[in-house]
Every structure is written in structure tokens, then in C-alpha cells.
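*Asks:* Would you mind keeping the following structure in view while I ask a few things?
6 protein chains.
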Amino acid sequence: MQLSAATWPEIRDCESDLAVLPVGSTEQHGPHAPLGTDTLTATAVAEAGVEAYREQTGADVPVAPTIPVGVAAEHRDFDGTLWVSPDTFRAYVRETVASLAHHGFDRVVIVNGHGGNTDALREVTGTISREDAAYAVAFTWFDSIDTEEEMGHGGAVETSLVSHLDREAIREDELPAAREGASEGWGEWVAGVNLAHDSEEFTDNGVVGDPTAATAELGERLLARSGDALAALLVAVDSRNRGDEAD
Amino acid sequence: MQLSAATWPEIRDCESDLAVLPVGSTEQHGPHAPLGTDTLTATAVAEAGVEAYREQTGADVPVAPTIPVGVAAEHRDFDGTLWVSPDTFRAYVRETVASLAHHGFDRVVIVNGHGGNTDALREVTGTISREDAAYAVAFTWFDSIDTEEEMGHGGAVETSLVSHLDREAIREDELPAAREGASEGWGEWVAGVNLAHDSEEFTDNGVVGDPTAATAELGERLLARSGDALAALLVAVDSRNRGDEAD
Amino acid sequence: MQLSAATWPEIRDCESDLAVLPVGSTEQHGPHAPLGTDTLTATAVAEAGVEAYREQTGADVPVAPTIPVGVAAEHRDFDGTLWVSPDTFRAYVRETVASLAHHGFDRVVIVNGHGGNTDALREVTGTISREDAAYAVAFTWFDSIDTEEEMGHGGAVETSLVSHLDREAIREDELPAAREGASEGWGEWVAGVNLAHDSEEFTDNGVVGDPTAATAELGERLLARSGDALAALLVAVDSRNRGDEAD
Amino acid sequence: MQLSAATWPEIRDCESDLAVLPVGSTEQHGPHAPLGTDTLTATAVAEAGVEAYREQTGADVPVAPTIPVGVAAEHRDFDGTLWVSPDTFRAYVRETVASLAHHGFDRVVIVNGHGGNTDALREVTGTISREDAAYAVAFTWFDSIDTEEEMGHGGAVETSLVSHLDREAIREDELPAAREGASEGWGEWVAGVNLAHDSEEFTDNGVVGDPTAATAELGERLLARSGDALAALLVAVDSRNRGDEAD
Amino acid sequence: MQLSAATWPEIRDCESDLAVLPVGSTEQHGPHAPLGTDTLTATAVAEAGVEAYREQTGADVPVAPTIPVGVAAEHRDFDGTLWVSPDTFRAYVRETVASLAHHGFDRVVIVNGHGGNTDALREVTGTISREDAAYAVAFTWFDSIDTEEEMGHGGAVETSLVSHLDREAIREDELPAAREGASEGWGEWVAGVNLAHDSEEFTDNGVVGDPTAATAELGERLLARSGDALAALLVAVDSRNRGDEAD
Amino acid sequence: MQLSAATWPEIRDCESDLAVLPVGSTEQHGPHAPLGTDTLTATAVAEAGVEAYREQTGADVPVAPTIPVGVAAEHRDFDGTLWVSPDTFRAYVRETVASLAHHGFDRVVIVNGHGGNTDALREVTGTISREDAAYAVAFTWFDSIDTEEEMGHGGAVETSLVSHLDREAIREDELPAAREGASEGWGEWVAGVNLAHDSEEFTDNGVVGDPTAATAELGERLLARSGDALAALLVAVDSRNRGDEAD
């Protein structure tokens, strides 16, 4: 259930105390995939998850509109990348969750499509759960499922999911160049420490991994798997005593 | 040109120093119109404006993804309304504009769909233009055109535009009740001062004005007119010396 | 009743829960009017208002000292203009109101003499009323009365009121030059949007309007009218249920 | 030279790079002295200082309007006391000084009338001098002269100066009670540490010291002495290399 | 070289642009290990690392004093745990690094002893490297070496290292109870998401893992290995072009 | 009782509601004394104080780990000096005290070794005592006892105490030069105002006073006297009604 598409009395009549808040990013995904990749995937996974949950439980969970700009300064050397500071991102997420909780949706699962958001989401969900009138956790889809291929950045995994969602969104003729300019791994590691703070330090075209290995079929499997994982998480969050109730 | 749909090399090749950033809100619009009304309308007006500009000038202007949650605490008593503090909203807008400017899009028109964002946008565009490496102004579509009907809230104007954009989005059978519970004007005024800080202080169902007067045809005219007004603004912003250049 | 002139036991014995907080600005008002114009006028209107209220109701309302520096960066290109950021201004106002409320004066009318403060005051009075232990509204005198002449900036209206309050304060021999270098309107408008963030973008000497049309007699009428309007507002604020009591 | 009373061209023509910013407080001063005592005294000392400086050097120094609310939470238990947090106070002072420096007045002496502001002013003048485009120091009049009597709070020193400035401002018939309820010293000391954070912990009526020892004649001497001390400071600040110039 | 033990001329004469900043935590480590475990280990590893680096290169690297309180709210249900917010922690680290850089030590390796600090350190080192006049990375010793045993919390790894550093610090008679009340893993996982924000949600006595498997000999190996890893990192940081130099 | 050396059950079993938090600084102390002087002395005084208190009362008071970096920008021109902003310092202290109070240690004496921290500590202990669930005061050892010699900076007093604590820490052969380059007093005073914000404005080598007058014997007396003074303060804090209880 898209919160944005509902009217306020329809939301009032919704009995859930669960809500889902998708969080994406607008950032380079190589020469072949759109800047909105993470927003597109987070939105799709959120929808698949609440649909799977509805099928299992019969209950509707509202999905808030997707936050489109996240923590992505590490890609700022590639054109079109948008970002806010982690402080601003956390505040935006925290206050949006607080307004959901104001209406009784006080168990919120944040569905995340971008690795760079992960640390900030772990922190802000801890803060929310400890200090605010809500419980929140963050679900990053590619960390929650078997992705079959290496995740990378703009690699086989993301390219597959985008391809499944909107085949036109992938520039197929750019795929060979995308592979060519890609790095094999994320970062530049010495003694367990990544010396690189920005992606341009280790990848020429912004890609990590091999996007030519992507298929829409893999994308379809990833979406189904992510939806199932999210539904399982919603079940667990729904039935769980909150941390603050154990105090 | 949707920035989110483009790849980074496509944005790199875009020669404009103009960009458009739509800003909406997710908030009650009465029993008949969706919570996402302002996000829907801001997005549509932004697209209409850059299309009209492209037709006039041949130049493509990137449209950033729409910021979906704004300054809307005044509607918090109606379910589903989401909001962030004005401070967080300004920071989110300011930093998003700074990242556009980082890539050379340093003349930014913010296209706004929500009256409650107006003060904060006037402030933050002043701050950006004075202190940051960008020039920004905010365009609120219903303040820039002849709306034919009273603006209100969830009234004839917004209902018409939503109806034109997505006829299914309006709950037609709720329209009589929407009019019934509406107030005639916004606020509770004494000596030029609005004593009410929240909409529930003066409207029973969140509506101000008469949504039964809405028509999709009016919506179509509003969109065309808004697009033209935005295109005219883009022309002016493109050709103007910036304030800081006059220092 | 000037709070500053009273002793603490006198304030303790004051039974009102109303208070007035004047807010001015120190900023250019052309070559003929003093930088302190807005502080002078806000102070005078506040006094006139509580006097009119006392005559009507017999009740004394304390007037806090006038805050002298506000949101005026838009005039920074003219010498002597002082300003703080909107954030600092809001904090200063909010905390001053909180200290009034600490002593039981928890219905506060802010009397404002400067257009540039208006947005910030609307925001901070909303924040105070929603989140703090007080109710506050802002009264900008020239927005609350029939001013007879165009408001402008340093134009006929303000010049008249200053002239009435302190005839020596107006440099009469500068009036012709003041009119000469003035602009006719505030800002530079395209499609309902003001492209100018600073006043020096559209006025040579800081003046908007025609100060030669000013008279002390008009000033006297403006003061009386503003005092009456403020008294009417105090009556309304005194008798009104607060927003938070309606929750 | 009162900055507020001047026009912008008059300030433009002022050749000084010195400015004076008076800072007061609105807070209890016992049953006999007005809440505005510290604002009144800071304003008077600032005027006396620039007058003495003008007599010595022939140069005019602009005096900014007095900031009326300071760091005074320690008196919050006595009615009418107004205060802001030290953070807000520092920001308000710092930004006001920055706007003075914007116009070339980048050597600013803050003239302070309230002991509770002292720590915050020492900090903020250090911050300004190290980080901003200005040099600032704070002058607290009663710390800079021989006061003859013990300073206290609302005691002989302040009562004398107020009495000299405005004899009506002192409630003479309250003086015996003021002495009666006073404490002899400020605070409650053990091992060099003041255990009391608020004045109501050690004084019944807010007074420290003996206000019956006050005379207008002493007040006159205090004012002259303070003005001379401030003039000497202005001379030193005018001729001094700044700290940042030594870097 | 301990910076705290040196005089300022000795630091002035140090030619390195490298510095090490150890960061610990003061938080529960079960009934057998001291609250200062992470501060103790971070300090020891920092010393071992600069000693190993000195042996390899002949160069002395100053070690700043260890920051003793970090991000540890997740342990707040166990007595004696101290913590600050992530915002305050980041500010404290960032400004300390800025003061090191002020003296020319602008390549800073933060040596971390606490898992809860990791996200905040990744963020703040990115911010420092992008926005400040320094390059920084964070080295968390147990993430950089083969620990032989599971890390846990107060488990075999930490208990071994503390035991090696200060055998008296481990309460040996508490070890059986420590194992008894421990959990096997950190957190409560569903679909790749940890539902627990605080450690008391999954461990009775604060321990994760088996501290009875600890030996001082393992501790000695861990320290040597950590020192070597840190020395290798220092070599890499010393020789590397910084990210900002590649811009 | 060192909190860091205890386990959490040992702290749980501690019945005190008193705690001590030492605060030092890492900053230049001339060519003869270590940068860590203030951290060393604050730590030693804290230990001496709780030991003296334990001897008098039989009660154990936990001593938190010493905060090593404080407000010391005034020494930034001398190498190795570390500092954070007063805002960050106050936040770090305030939140550390809040975590002590979370465990029931809600009467906290901060033991300070650095004059530059004094203003910030007075402010933050006031804020804590008024707004948080704790009472706090700050004890600066050299302000609380008869120091026999002038305090200065790196002068006889500090050098004596360091010498007593760790004779090797003082570079004896640098003492003549330390005296040679020292200034006689702190600052550059005109009309009761210190014109110097930084120590390099008035001392060549960072020293104020005469370190050659230092003796370990004086250091021993200073430590004993400071410990006794701190014990007396702890007795007073333990038995005192808090300010908030008097409200």
C-alpha cells in the first residue's frame, strides 16, 4: 500500500503499526545504468516485500515515499551524483520516521538500496529505537539475500535488477565499456583498512564488477528473494518485543 | 531530462548550468485526494516546464528527483501526514543543490508544490545564493499563475491538477463529503494575524475550498500555464547576472 | 508596562499571562531615515498596543525589551546594516519567549517592525506553539493596518511613523535624493518569483517607494491604528483556547 | 555616535575601524532596582566611553544597539528574568560582530554590564579573533575600575550607577527590605568551588551586598571612571597589532 | 613516541607528517574483564605499531593520548559503561585530528579498540579526508589480523590481549560465570538484519564468546600481529598520494 | 577506585552516588615540561582526593578515565598542542556525565587540571545541574589551594607537581632556558581587559612564571593539599541538597 496514493482517512483506517520507508540514492552507476538505480531498486524491493507480507498475513503495510538522495559523497567525482551529509540524511530519516510513529506506525523497516547509506542507517535506527517513540531497523536488500554474483557497484547484481524492472533503463551498448573500465573490487586495502575514501580512487568509470554478467532473469530472482526476506523481517518485527519494552 | 534516468556520462555531456529540483510534500489533502498530491504536482510541473523550455530554446535541463517530505507539521493531526523540521528540510535542499552545483549546475530552480514549504525555500535559496557556490530561486506553481479558482487546500485547484494527471487518484465519491467538511478559508484571522498554527484548528476534514468545482480540464490548463511560467523563469535565470556577480 | 523598568516583585504581582515582545532590526533605511527605524517603530507600536489594551480591559501587559538585530542580510550591501542568521534569530526569540513562559507569561505576541523577520517569526511561533510551553503569534504592524500609502522600504509609511515618533530622526534635506535613488517596487519579478535576494540588486540607495510623501500626521494615524489592531489581537489571544488545548 | 540613529551614508563616511557593542541583561536586581539594570548601565558606559574617546582623539566610534537579553538562567527563579542559552548568546554576539566587520568595523569592543555574560564573552571574543575577519575583546565595566564598594548583585555599586542615570528607577522605599533579604556574598563556597548554580540558593530576594550604601554621587564617579577606562581600551585596541597579524 | 610525554620543541623537531590517535571505550566487558579493556588494547596496539614502524623505517611517529569514551550506548544497561553520542564522538575525533594537522601531522591513523566506534570512524575519516586539511583512516586491530579465536565481546580474543598486557586485570575466578552467561553470537538476526540495538537484548552478562579460551600467549601473538599490521598501514599511508591530491 | 579498572558488576555494587571525572589537556608547557602535564596532574589529584575521602569516610568513589584533550586553542602556536572547540568539549563532558548519572552516579565532581577549561566547565556544570538528571561542579586544583608560588603556566607550581609525580618527566637541563624565555604574567592587560587571546602574543617559549623555583617537595605538598581539598568538596557534595531539589 503506497502511503502517497492513499487518502488520510484510508491511512487512519489502516490497523498496522508497521510501516516501510524506502531509501535510495542518486549517484553514478557506471556508463550503462541510471543514476537513479538505488532509488529504483529500493522502491521495487519495498513493494515486493509488503506484497509478499500481505500474501502471507493478509495485512497491509503502508510504504512511505522513497527518499531519493542519500550518503554518496564517495561518488562525487562522477557527474550527476547527488548527496547530503550523513548528519542531514540521518535527521531527514529520523524525523520522517517520527512522523510515521506520530500516526501509530511505530515499527518501521527502512528498505535501503545503497551501500553508502548503511552505516548512517545503523546509527539512526539505534538512535530512534533508544530515544524516540518508535522502533526501527534497516534492511539493505543485497546484504540480506544470496545475490549469486558479486555485488560490486553497477555490476551484475544491480544491473540485473534494474534490467528486470525496466529493461530500457540499461544502456546495453555501453556494457562492454562498462566492464572494461571497471575495477574488480571496492577500495584499496592495506592491513584490513580501505585507504580510498572515494570511488574515483580505484575505478575509472565508476563500475565495480562485471555488468555484462547481468540478466533480467537474475534480476527477477533477486527481486523475489528480496521480497521474501523483507516479508520475513516484517513478520519478526511485528511479533517482537521492542528493546525499550525490555528495559 | 530526468537526472535519475540518465547515466553519469550523459549528465557530464549536458551543457546546461541550469537544473530543476522539484520539492513536494506528503500530507493530507482531504478525504478525496492522495497524500502525495504535492509531490505529484511538483513533479508534473517541473517536467512541463523543462519540456516547454526545451521547445523554446532547444536546451535540455536536468530535473533532479523530487524531494517527497517537506514542512508539513501543520497537518500532523491528519493521519499519514509526514514532515521534517524546517531546519532539516533546508539542510536537505541546500546540500542537494550544492551537489548539483558541484557538477556545474549552479543555477537551480526549485519547483515547489506545497505552500508550507514556501517560507523555508525563500530562506534557503537566499542562503544558497549568498553563501554557496550557486544561485537558487523557488517557484511555487500556484503562486505563479492564474489559477481561475481559489487555491485553498485540496480544493478546486489541486484537485483539478491531480485529476488531470491521474484521474483514478481522486476519490470521486468522497467529493461531496470533502466539500461538506471543508473550511472556506485558511486560518483564523484577527488584526492581520493568523491565530491558528495547525490546519485542524479550522478545518474538520483538512480541506479548504470546494473540490467539487474541480475538473480535469482546468487541471490541464493549470499544467500548461505552470509549464509556461516555469519556462519563462528558466529563461530569465539563464540570462541573468547573479547577485554575487554584482558584488 | 515596560518589563525592564519593573522590579521582579512587580512582575511577580502582574496577573497577566499575556506578554509582548517587540522585535526590530538595525538596517539601512535610505539616506534620510535612521538605521534603527524598525526597532523604533516596533517599540512604539508595542507600547501603543498595550496602552490601548489597558484602556479597554484595565489589565497591564508587560512589554519585554526590543530585540534590536534581526534577519537583514538582504541589506548587507548598505553600511551599518546589522544582521544575524535566521537560525540564530529564531533561537534568540524562542528562548526569550521560553523565559517569559517560565514566569507564567505563556501567551506571547511578538510585535515586529521588519518585513525580513516575517518568515522566521511565522516559523518560530509555530515551533513554540507546537513544542514549547507557550503559545506565540507574530504581529507585523504594517501588515495589520490600512497604511494609506505603499509600504515600500524607507518609503512614505515608515518615514511618516518615524517622523511622528521623533521628527529630528528624519534628515529632511535628504528626502529629494532619497526619492530620486529609490526603486518603485521591491524585487525583480519573473513568473511570480523574485529573482533578487538582496536589495542592492534593485535599489540604488536602499529606498523603495516615495519618502517625500511622508507626514508626521500620517505617522500619528498609523501608530493609533497599529495600537488598536494590537489591542484587538491581545483580546483575541487572551480569550482563545490554545492549539495544544484542542489536542 | 549611536549607529541606530545614523543613516547608512553617515556610517559609510565614518572612518573608524573601531566599534562598540553594548551587551546587557534583563534579570532580577532585587526589590529595589529594575530588571533592565544591566542594559541601562552597559548602554551608559558605552556612551561615556566613546564620548571620552572622542574628546581625546577627535574620532567618532559607532555604538551598536544594546543586546538586551543575555546569559542569566542563574536568576530564573526570580520573576521577569529573561535569558537565552550561552550557545545562542554567543551566536547572536558573534554574528552581530561579523556584520559590523562586514562594513569595516573589525575591531570591536563589547561593553558588558552583566557578570553572567563574562565567560561566554571571553569565549566568543576568542573565537571571533581566531576564526572570523575581526578582532574583539569584552570590557565588563565593574571589573575594570575601582568600584569603591563591593560589587555584589543589586548592591551598592549597581544601585549607585542606576541612581545616577535615572533616580526614579530605584524604589527607595524598598531599600531597607532589599538589604534585609540580601546575602553577603555570591555563592556557597567549599574548597574554592561554588556549589550553587543559581542565585536563589543563597539569596532570599536576589540581592547580594548592601544597596542602602548606594549614592548617586558614587554612581557619577563610577560612570566617569568606566568611561575613562573604556576610552583607554579603545586607544589600545586601535593601535594594537592584531593576534592574527602576528601569525 | 608518546606525544603527551614530549615537550613542544621535541614535537616541533619531529619530521614525520604521520601521527597515530588511539581511540578506546569505557564499557562493560563481562564480569571478568575491566571496563577499560578497549582503551587498554587500543593504546597497546598503537604503541606496538609505532615501535614496529620505527624498527622498520627508523622514523618516530607521535602517538596522541587515547580518547577514552566512545560510541557505546549499546552497552548502557550494564553498569559503568560510559558513552557519548556519535555526533559528539565524531566532533571530538575530527577536531583532535585537525589540531594534529595544524602542526603538520596531516596523515593520521586512528587506532581503534571498540567495534561500536567503527561506523562513526569510517564516516569521520571520510569527512576529514574530503573537507579538512588532513588525510585520516581508521584501523580497528581485531578487524586487521587473524585473531585465531572468534572475536565476540569480552571473549577469548580481548581477554587474551588484556591478560597479556596486565594479567591482574582479568578476574580469573569469574571466568566460568563469564562463559556461563555469555551468548554465542552478537545480535539477533533475521533476514540479514540485527533486530537488537542493545547488547542486553541477547547476552545476560555482557559477554559474547568464550573467555575461558583466552591465554596470555594468544594475547602476545595478537599484539605482535596487530603491531605489524599497523606498521604496514603506516608505511602505506606515508607513501600514498592522498585522495585530495588526485582531484 | 578507577572505574576503568573495575568490572561492571563491581561498579553495580558500588553504593556511592558520587563520581569523579578528571579533565586534562594536551598542550605546550614550555621546553621543560611534557605536553601531558594537565592530564597527569588532574589524574593524580583525582586519585589523591578519592583516597583522602575514602580514608575519612570509608566510602569508595569511582574515578572515570581522564579526558585528555580540552579547550586549548590559545596555545595552538606551540607544536603538539591539541584542542577541541569549547562546544565539543562541553558536549563530551556533558554526555559522559550523563552516562555516569545513568548508572546512579548523579553527583559528579569534575577535577580539572587546565585553566583554559575553567569557563567551559563552569558553563557545562550549570547546564547539567539545571537541565539533566545530575548535579555537577568543577574543581580546578590550583584554584582551590594555597599554591605557595605563582601559578603561571609551566611555572613553579605545575613543574613542582609533575616533578613529584614523575621526576623524569621534567627536562632539568631545559629549566634555565625555560625561565629565560618566560613572561612574568599571563596576558597583555589594559583597563582590566586582556588584549591577547593566544599565549604566543606574550610568551616566547610558552612559559609564564619561573620553573626553576620548582621542587618535588613543593609538588608533594601541593598534591596532599589538593587531595584534602577535593575530599572536603566530596563531603560537601555528598551531603548537600541539590539545587533542583530546592525548586
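Note that the protein sequences, when read in sequence, are chains X, H, F, V, P and D. The numbering of the first sequence is the numbering used here, which starts it at -17 and goes up by one. The numbering of the second sequence is the numbering used here, which starts it at -17 and goes up by one. The numbering of the third sequence is the numbering used here, which starts it at -17 and goes up by one. The numbering of the fourth sequence is the numbering used here, which starts it at -17 and goes up by one. The numbering of the fifth sequence is the numbering used here, which starts it at -17 and goes up by one. The numbering of the sixth sequence is the numbering used here, which starts it at -17 and goes up by one. Just so you know, even glycine gets a beta-carbon here, dropped at the ideal spot from N, CA and C. Please read all numbers here as calculations on a predicted model, not as lab measurements.
So F:E130 packs on F:L205, CB below 8 Å; how close in whole Å?
*Replies:* Wrong, their Cβ atoms sit about 13 Å apart, outside the cutoff.
*Asks:* In chain H, which residues lie less than 8 Å from X:P68 when you measure between Cβ atoms?
*Replies:* Neighbours of X:P68 on chain H: none; closest Cβ ~11 Å, over 8 Å.
*Asks:* Would you say F:N176 faces chain H, with C-beta separation under 9 Å as the test?
*Replies:* By this cut-off, F:N176 is an interface position.
*Asks:* Is it a yes or a no for the segment 170 to 177 of chain F touching the segment 102 to 115 of chain F, going by three-plus beta-carbon pairs under 8 Å?
*Replies:* Output reads no: the segment 102 to 115 of chain F does not touch the segment 170 to 177 of chain F.
*Asks:* Quick one: what does DSSP say X:D229 is sitting in, helix, strand or coil?
*Replies:* Confidence is the limiting factor: at X:D229 the pLDDT is only 38, short of 50, which leaves the residue's position unreliable, though a coordinate-based value still follows. X:D229 carries a coil assignment under DSSP once its states are collapsed to helix, strand and coil.
*Asks:* For the segment 5 to 32 of chain H, which residues have a CB atom closer than 9 Å to at least one CB atom of chain C, in sequence order?
*Replies:* No chain C is part of this structure, whose protein chains are labelled X, H, F, V, P and D.
*Asks:* Mapping the DSSP letters down to three states, classify D:A80 as helix, strand or coil.
*Replies:* Note: D:A80 maps to helix in three-state DSSP.
*Asks:* Could you tell me the distance, in whole angstroms, from the CA atom of D:A178 to the CA atom of D:L143?
*Replies:* 27 Å
*Asks:* Since D:V190 and D:G163 should fall inside the 8 Å C-beta cutoff, what is the C-beta to C-beta distance between them, to a whole number of angstroms?
*Replies:* Contact flag wrong, Cβ pair sits at about 11 Å.
*Asks:* If I follow the unbroken alpha helix (DSSP H) through X:P(-9), where does it start and stop?
*Replies:* Taken as a continuous stretch (DSSP letters only), the alpha helix (DSSP H) holding X:P(-9) covers W(-10) to R(-6).
*Asks:* With a cut-off of 9 Å, does the C-beta of P:V75 fall near any C-beta of chain X?
*Replies:* no
*Asks:* Which runs of the alpha helix (DSSP H) fall wholly inside the segment 145 to 213 of chain X and span at least 4 residues, in chain order?
*Replies:* 157 to 162
*Asks:* Who are the near neighbours of H:G95 in its chain, counting only those whose CB is closer than 6 Å to its CB and skipping five residues on each side?
*Replies:* G6, D20, T23 and A24
*Asks:* Any idea if P:G225 is buried or exposed, counting beta-carbon neighbours within 10 angstroms, 16 or more meaning buried?
*Replies:* Caution applies to P:G225, whose pLDDT of 48 falls short of 50 and renders its modelled position unreliable; the value that the coordinates give is listed next. Burial call: buried.
*Asks:* Would you mind telling me which residues of chain D sit closer than 8 Å to P:H96, beta carbon to beta carbon, in chain order?
*Replies:* Close to P:H96, with beta-carbon spacing below 8 Å, lies no residue of chain D; the smallest spacing is near 13 Å.
*Asks:* May I ask you to report which of helix, strand or coil DSSP gives D:E68?
*Replies:* At residue 68 of chain D the sequence reads Pro, which differs from the Glu that was named. Note: D:P68 maps to helix in three-state DSSP.
*Asks:* Identify, in the order they occur along the chain, each residue of the same chain with its Cβ nearer than 8 Å to the Cβ of D:V66, setting aside the five sequence neighbours on each side.
*Replies:* V51, G52, V53 and Y74
*Asks:* Nearest to F:A198 by CA position, among F:R149, F:V106 and F:S181, is which residue?
*Replies:* F:R149
*Asks:* Which residues in the same chain have their Cβ closer than 7 Å to the Cβ of P:H146, if we skip the five residues on either side of it in sequence?
*Replies:* A198, G201, E202 and L205.
*Asks:* Output needed for V:E(-8): all residues of its chain with C-beta closer than 7 Å, excluding positions within five of it in sequence on either side, in chain order.
*Replies:* none
*Asks:* Please report the distance separating the alpha-carbon of P:C(-4) from that of D:H11.
*Replies:* P:C(-4) and D:H11 have their C-alpha atoms spaced approximately 17 Å apart.
*Asks:* Could you compute how far the alpha carbon of H:D59 sits from the alpha carbon of X:D(-1)?
*Replies:* 17 Å
*Asks:* Going by C-alpha to C-alpha distance, which of P:A(-12), P:L(-15), P:L17 and P:S111 sits closest to P:T141?
*Replies:* It is P:L17 whose Cα lies nearest to the Cα of P:T141.
*Asks:* For a cutoff of 9 Å on Cβ pairs, would you count F:T122 as touching chain H?
*Replies:* For F:T122, the nearest CB of chain H lies under 9 Å from its own CB, placing it at the interface with that chain.
*Asks:* Rounded to a whole number of angstroms, what is the C-alpha to C-alpha distance between V:T70 and P:S208?
*Replies:* 46 Å
*Asks:* Would P:R104 count as contacting chain X if we go by Cβ distances under 9 Å?
*Replies:* yes
*Asks:* I'd like to know whether the C-beta of F:T39 is nearer than 9 Å to at least one C-beta of chain H.
*Replies:* no
*Asks:* Quick check on the burial criterion: 16 or more other C-beta atoms within 10 angstroms. Buried or exposed for F:E37?
*Replies:* exposed
*Asks:* Evaluate P:N187 with the Cβ neighbour count: other Cβ atoms within 10 Å of its Cβ, from every protein chain shown; 16 or more gives buried, anything less gives exposed.
*Replies:* buried
*Asks:* Counting along the chain, where does the alpha helix (DSSP H) carrying D:A28 start and finish?
*Replies:* T19 to T39
*Asks:* Hey, would you say P:L64 sits closer than 9 Å to D:A(-12), going by beta carbons?
*Replies:* no
*Asks:* Just to confirm the assignment, what range does the alpha helix (DSSP H) spanning H:I110 have?
*Replies:* T100 to E113 is the extent of the alpha helix (DSSP H) around H:I110.
*Asks:* Within the continuous alpha helix (DSSP H) that includes H:F124, where are the two ends?
*Replies:* Residues W123 to S126.
*Asks:* Could you tell me which residues DSSP pairs with V:N94 in its beta bridges?
*Replies:* Note: V:N94 is bridge-paired with V:V5 and V:T122 in the DSSP secondary-structure output.
*Asks:* Put D:V51 into one of helix, strand or coil per three-state DSSP.
*Replies:* coil
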